[in-house]
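Heads up: the sequence lines are chains V and W, in that order. Following the working numbering, the numbering of the first sequence begins with 3 at its first residue and continues without gaps. Following the working numbering, the numbering of the second sequence begins with 188 at its first residue and continues without gaps. Cβ coordinates follow ideal geometry from the N, Cα and C atoms, glycine included. Predicted, not measured: the structure shown is a model, and the values here were computed from it. Take a look at the structure below.
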Amino acid sequence: MAKTKQIDPAEVSRKLAVLEPQLKELQQKEEAETDPKKKVKLAKRIDRVREKMRQTKTGERLSRQSKRDLVAYTFLVPNFVGFAVFTLGPVIFAFILAFLKWDGNNPMQFAGLDNFMAMLGNKRFLASLRNTVVYCIGTVPLTLVAALGLAVLLNQKIKGRNFFRTVSFFPYVASLVAVAAVWNMLFSPAKSGPVNMILYNLGVSAKSLPKWSADKNWVMFTVILFSVWKNMGYYMVIYLAGLQGINSELYEACSLDGANTWQRFRYITWPQLQPTTFFVTVMLTINCFKVYDIVYMLAGGSSGVLNESAIVLVYHIYEEAFRNWNLGYASAAAMVLFLMVLAITLIQFQGEKKYAN
Amino acid sequence: MMKKRLTSLALVMAMAGSLAACGGSSAPETAAPAADGTTAAETKAEAKTEAAADGKTVLKWAMWDKDLTVYYQPLIEGFEAAHPDVTVELVDLGSSDYQTVLATQLTGSGSDFDVVTIKDVPGYTTLVNKGVLEPLDDYIAKDSVDLAAFKGLTDQITVDGKLYELPFRSDFWVVYYNKDVFDNAGAAYPTNDMTFEEYDTLARSLTVDVPGQEVYGAHYHTWRSAIQLFGILDGKNTILDGSYDFLKPYYEMILAQQEDGVCQDYATLKTSSLHYSGAFSQGNVAMMNMGTWFIPTMIDKIKAGEYTDCTNWGIVKYPHAEGVEPGSTLATITALSIPATAKDKDLSWDFVKFVCGEEGADILAGTGTIPAMMNDDIAGMIASMDGYPEDENSKEALQTANLYLEMPVHAKSSEIETVLNEAHDNIMTGNMTIDEGIADMNEKVTAILAQ
Chain V
3 MAKTKQIDPA
13 EVSRKLAVLE
23 PQLKELQQKE
33 EAETDPKKKV
43 KLAKRIDRVR
53 EKMRQTKTGE
63 RLSRQSKRDL
73 VAYTFLVPNF
83 VGFAVFTLGP
93 VIFAFILAFL
103 KWDGNNPMQF
113 AGLDNFMAML
123 GNKRFLASLR
133 NTVVYCIGTV
143 PLTLVAALGL
153 AVLLNQKIKG
163 RNFFRTVSFF
173 PYVASLVAVA
183 AVWNMLFSPA
193 KSGPVNMILY
203 NLGVSAKSLP
213 KWSADKNWVM
223 FTVILFSVWK
233 NMGYYMVIYL
243 AGLQGINSEL
253 YEACSLDGAN
263 TWQRFRYITW
273 PQLQPTTFFV
283 TVMLTINCFK
293 VYDIVYMLAG
303 GSSGVLNESA
313 IVLVYHIYEE
323 AFRNWNLGYA
333 SAAAMVLFLM
343 VLAITLIQFQ
353 GEKKYAN
Chain W
188 MMKKRLTSLA
198 LVMAMAGSLA
208 ACGGSSAPET
218 AAPAADGTTA
228 AETKAEAKTE
238 AAADGKTVLK
248 WAMWDKDLTV
258 YYQPLIEGFE
268 AAHPDVTVEL
278 VDLGSSDYQT
288 VLATQLTGSG
298 SDFDVVTIKD
308 VPGYTTLVNK
318 GVLEPLDDYI
328 AKDSVDLAAF
338 KGLTDQITVD
348 GKLYELPFRS
358 DFWVVYYNKD
368 VFDNAGAAYP
378 TNDMTFEEYD
388 TLARSLTVDV
398 PGQEVYGAHY
408 HTWRSAIQLF
418 GILDGKNTIL
428 DGSYDFLKPY
438 YEMILAQQED
448 GVCQDYATLK
458 TSSLHYSGAF
468 SQGNVAMMNM
478 GTWFIPTMID
488 KIKAGEYTDC
498 TNWGIVKYPH
508 AEGVEPGSTL
518 ATITALSIPA
528 TAKDKDLSWD
538 FVKFVCGEEG
548 ADILAGTGTI
558 PAMMNDDIAG
568 MIASMDGYPE
578 DENSKEALQT
588 ANLYLEMPVH
598 AKSSEIETVL
608 NEAHDNIMTG
618 NMTIDEGIAD
628 MNEKVTAILA
638 Q
């Protein structure tokens, strides 16, 4: 291999003359150091100097470490190229676009913070922000509770356990379009709709029956309910995995101490599930901010236009970008969404340090 | 812990990626074609020699519903017979979000369409604003095409004195009625000269609200245009005025009908996404206002035996306000445009001229479609089609007096459309009173117009 160069003995001894005193000095420092963190740092520097001395002696161009690094990078390249071209590039472009005014064809104009200012005055943006937050606040805890409840129930040895597990998971795999149509049929705004019929027979007057997804006061509730029902199966599976990871000795010890069911849950299951709960919360929150399809299917009607009572952020971004062709404004709105998700994630990273370890 | 952090990070990244897809991934780097758009006409001669491998020039035509629409093939055959060296290639972009897909395709310089179909006016305005369409005025002047045959429709789609599309198909709204329902009730059929009061009275007289045997005097599809646009037919107001108080009497009439079970409940129709054809073909709807695009469907489905409860049907003109000439109605147009990036614009123009002109109109009428270029011969051709109602009123209903576009040309038409749709929905579902809805429209549209 052509990796070694001609070794010039004079050159080698000259370099070693510089490096050897350095090494000695560092070694002395390390011995004198009491702070363990600094000690580790010094040890690393010593390693580097040793490596340099070895390279000088053998005449290799690359150190062993850099060779290993190179191999690793070669493996990473194909994936990274795809990521850079299809994700990183567009993301950066979208960030730049947020400060421009552009319709996709005419020349771009610099807009400064105009796009962000326009957002504050845009009723549809404010409505979408409000609805997205309401949706999140409603969906995350409800899904969490439903998924955990199902998981705890279906983790016990009951008859037909697998059947019920399948039933709970089914909504998640069923086609959204189909189940949304069924849901809208069940929650039909007419008096003859199945759910309204039940309410009517329970004594709700015909005038005050909710119109569900066509009613501005009930539409978010309907959407949240649907979303919980549709997604709880998926998170149930994650919780089931978490439950099965709990050491059964803990439960044994617990029952020896005479704990009842609630105490078992409160002092063993719940704390042991902390990491799972953390993961599920992150996933759920981020998915909630990305919601679009469910609202569109339930409340879009035939025109596919969402009202201020049901509009969500992602839909607002879509509508501004591809209906009204305000690409700059839409990117700015996307950036706001991104920052919100980022903020939540950072908060949750803080929480993770406390819980997960 | 590190692993979970990575998972979360990956999620954030995925999130960002999906955002980018919404925000800007369809956006190419330069806006060059728009800048070139206006000068492209002068340099068209250079590109003229481009030809397909077999020596035939390929003309790419963007459209939707290739297999469901009967007139594409006859039109292409007609054009290819006149131009033996040209092959027309259809590119189906799908019907539901056609204008969005087309606008995305024409964004940047990647598309190679020679002719594009324009589905609606807001979509047309968007493309004109984006500067991706070729003005047709020079071609029209050169070949002295007579725009009078389009009955004033071309004036309504002129933007800043320039015309960027030529309509080939023009549908207008009529009232479809089920003769059996009228016969059962012993009522006289509607006529071509009804005022809105007469129409309302007639609809109410046919309504039966016995549970299980309901008959609805009228049916309104959930589109805004099916109700809101009754208001513009007197010609005094337009839908872009920024002041919508004139809509109040019409909303009052329809909401009262809804309240009394004369028509089906809007909220139910909306959430069940019931198609208007499904509603009418059930045989319990006496009258339904809908566009003439429904005529070929009715004829076909009755022939095929799919519609059995509305085989005895007829058409009359739209009801009119007191003192207004009958036959004033809403129109939608389907038009052809030449993209600024087209290779051979003269050839594209030949195709546009053929489809939108008399030869094209004859071919369209032969398939039961109403061409934009309408005269007595063509109306006669449609009315004499096999399966078209045979009574005189139905034939006469095809003669229109004034045509108003569902959405006139305006730079902000898609934003205004959103406001109007939203207010319509809120009024019809009872989320807002009529006054609140109108105030909402007045406020928001005025704000958009002021921008």
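Host beta strand (DSSP E) of residue i (start-end)
i, result
"residue 406 of chain W", "403 to 406"
"residue 524 of chain W", "516 to 524"
"residue 493 of chain W", "Premise fails: residue 493 of chain W is in no beta strand (DSSP E) and is neither H nor E."
"residue 303 of chain W", "302 to 305"
"residue 248 of chain W", "244 to 250"
"residue 276 of chain W", "273 to 279"
"residue 294 of chain V", "Taken as a continuous stretch (DSSP letters only), residue 294 of chain V belongs to no beta strand (DSSP E), as it is neither H nor E."
"residue 591 of chain W", "590 to 592"
Nearest-angstrom beta carbon gap, residue j and residue i [assumed within contact, 8 Å]
i, j, result
"residue 374 of chain W", "residue 393 of chain W", "6 Å"
"residue 368 of chain W", "residue 473 of chain W", "4 Å"
"residue 363 of chain W", "residue 250 of chain W", "26 Å between Cβ atoms; not a contact."
"residue 586 of chain W", "residue 566 of chain W", "6 Å"
"residue 149 of chain V", "residue 294 of chain V", "Not really, about 22 Å apart at Cβ, beyond 8 Å."
"residue 244 of chain V", "residue 283 of chain V", "Rounded, the Cβ-Cβ distance is 13 Å, inconsistent with contact."
DSSP state of residue i mapped onto helix, strand, coil
i, result
"residue 505 of chain W", "coil"
"residue 62 of chain V", "strand"
"residue 265 of chain W", "helix"
"residue 103 of chain V", "strand"
"residue 562 of chain W", "coil"
"residue 351 of chain W", "coil"
"residue 175 of chain V", "helix"
"residue 394 of chain W", "coil"
"residue 360 of chain W", "strand"
"residue 211 of chain W", "Confidence at residue 211 of chain W is low in this model, with a pLDDT of 38, below 50, so its placement is unreliable and the value that follows should be read with caution. DSSP places residue 211 of chain W in coil when its eight states are reduced to three."
"residue 17 of chain V", "helix"
"residue 544 of chain W", "coil"
"residue 112 of chain V", "strand"
"residue 271 of chain V", "helix"
"residue 500 of chain W", "strand"
"residue 473 of chain W", "strand"
"residue 640 of chain W", "Look at the range of chain W in this structure, 188 to 638, and you will see that residue 640 of chain W is not part of it."
"residue 556 of chain W", "coil"
"residue 320 of chain W", "strand"
Minimum Cβ-Cβ distance from residue i to chain V less than 8 Å
i, result
"residue 313 of chain W", "yes"
"residue 430 of chain W", "no"
"residue 602 of chain W", "yes"
"residue 308 of chain W", "no"
"residue 446 of chain W", "no"
Extent of the continuous alpha helix (DSSP H) run through residue i
i, result
"residue 252 of chain V", "250 to 258"
"residue 242 of chain V", "221 to 246"
"residue 161 of chain V", "It is not in any alpha helix (DSSP H) - residue 161 of chain V carries neither H nor E in the DSSP assignment."
"residue 383 of chain V", "What is shown of chain V runs 3 to 359, which leaves residue 383 of chain V out entirely."
"residue 151 of chain V", "125 to 156"
"residue 341 of chain W", "340 to 343"
"residue 611 of chain W", "600 to 616"
"residue 621 of chain W", "621 to 637"
Beta carbon proximity, residue i to chain W, threshold 8 Å
i, result
"residue 327 of chain V", "yes"
"residue 311 of chain V", "yes"
"residue 273 of chain V", "no"
"residue 196 of chain V", "no"
"residue 101 of chain V", "no"
Does the stretch 275 to 291 of chain W touch the stretch 244 to 264 of chain W, meaning 3 or more C-beta pairs lie closer than 8 Å?
-> yes
Mind the definition here: the stretch 508 to 527 of chain W touches the stretch 481 to 492 of chain W only if three or more C-beta pairs lie below 8 Å; say whether that holds.
-> no
Meets three-Cβ-pair contact criterion under 8 Å: the stretch 334 to 352 of chain W and the stretch 311 to 326 of chain W | yes
On the three-pair Cβ rule with 8 Å, is the stretch 612 to 630 of chain W touching the stretch 213 to 229 of chain V?
-> yes
Do the stretch 375 to 390 of chain W and the stretch 542 to 555 of chain W meet, that is, are 3 or more Cβ pairs less than 8 Å apart?
-> no
Between the stretch 398 to 416 of chain W and the stretch 448 to 464 of chain W, do three or more beta carbon pairs fall short of 8 Å?
-> yes
Should the stretch 110 to 125 of chain V be regarded as contacting the stretch 189 to 198 of chain V, the criterion being three or more beta carbon pairs within less than 8 Å?
-> no
Contact list for the stretch 448 to 477 of chain W against chain A, Cβ threshold 7 Å = Included in the structure are the protein chains V and W, with no chain A among them.
Should the stretch 122 to 141 of chain V be called in touch with the stretch 284 to 304 of chain V, which here means at least 3 C-beta pairs below 8 Å?
-> yes
Counting pairs of beta carbons, one from the stretch 565 to 579 of chain W and one from the stretch 351 to 362 of chain W, are three or more of them closer than 8 Å?
-> no
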